[in-house]
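Using our numbering, read the sequence shown as starting at 2 and increasing by one per residue.
We put the beta carbon where it would ideally sit given N, CA and C, even for glycine.
Small disclaimer: the values here were computed from a predicted structure and weren't measured.
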Amino acid sequence: MKMDGIEIQRLAALAKNGDAEAFLSLAEAWKGSMYRTARTILGSDADCADALQETILKAYGAVGKLKNPAFFKTWLYRILINECNTIRRKQARISLPGVMPEPAKEDEDYRMVELKEALGRLKEPLRLAVALVDMEDMKIAEAARVLGVSEGALKMRLKRGRAQLCEWLEPPRKGESGYERAEY
């Protein structure tokens, strides 16, 4: 469900004042986007589900403390990113030997698999910038607030992330390293 800024602010103000249905409407509206953001950070479906659940619980418990309902989405995404980072830190301590990454589904497009793998290789600051702006269609200002950086810093991360993805995903051109002439 797509909501405009006025509707988001109205629901956020109601949620701040204890309206559970308003809170759930907002959480439901961004559930898919939040899941994709968590997937960008964590990778595993189970970890993403855990992060989403914890985010919703923490946000619901703290929504009364939200200072400005206009920044509800930014606030919610910040909680999500913090929760994802907490899960990653726990995983780093518990690292299980022999656990294999999930195989790609057969019906997934090869280029999409390639893109996901390349996105996963980016350093986290670049990966989050690209994911929020290019994949989740967040505005530069909003994504910068979510990540706690200036708009200029976010733009630089986008430029570097996009350049790295292009380098990894574009086939080499004639005369470039990696180009091989076909012999017939």
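- Shortest Cα-Cα distance from residue 69 to any of 39, 46, 15, 154 involves 15.
- The shortest C-alpha to C-alpha distance from residue 63 to any of 49, 114, 79 is the one to 79.
- In the assembly as shown, residue 7 is an exposed residue. Its beta-carbon has fewer than 16 other beta-carbons within 10 Å.
- Contact between residue 75 and residue 122 is absent: CB atoms are separated by about 27 Å, not below the 8 Å threshold.
- Counting C-beta atoms within 10 angstroms of its own C-beta, residue 21 has fewer than 16 neighbours from the protein chains shown and is therefore classed as exposed.
- Taken through DSSP and simplified to helix, strand or coil, residue 51 comes out as helix.
- For residue 171, the three-state secondary structure derived from DSSP is coil.
- The criterion of a C-beta distance shorter than 8 Å is not satisfied by residue 148 and residue 164.
- By alpha-carbon distance to residue 114, the top candidate from 169, 50, 151, 84 is 169.
- A check of alpha carbon separations from residue 24 across 139, 85, 67 identifies 67 as the nearest.
- Around the Cβ of residue 87, a 10 Å sphere holds fewer than 16 other Cβ atoms; the residue is exposed.
- Here residue 160 carries a helix assignment [DSSP, helix/strand/coil].
- Counted as a single uninterrupted DSSP element, the stretch harbouring residue 132 is not any alpha helix (DSSP H), since DSSP gives it neither H nor E.
- Residue state for residue 31 is assigned as coil, using DSSP reduced to three classes.
- With respect to the C-alpha of residue 35, the residue from 12, 65, 133, 45 having the closest C-alpha is 133.
- Here residue 84 really is in contact with residue 52; their C-beta atoms are around 5 Å apart, less than 8 Å.
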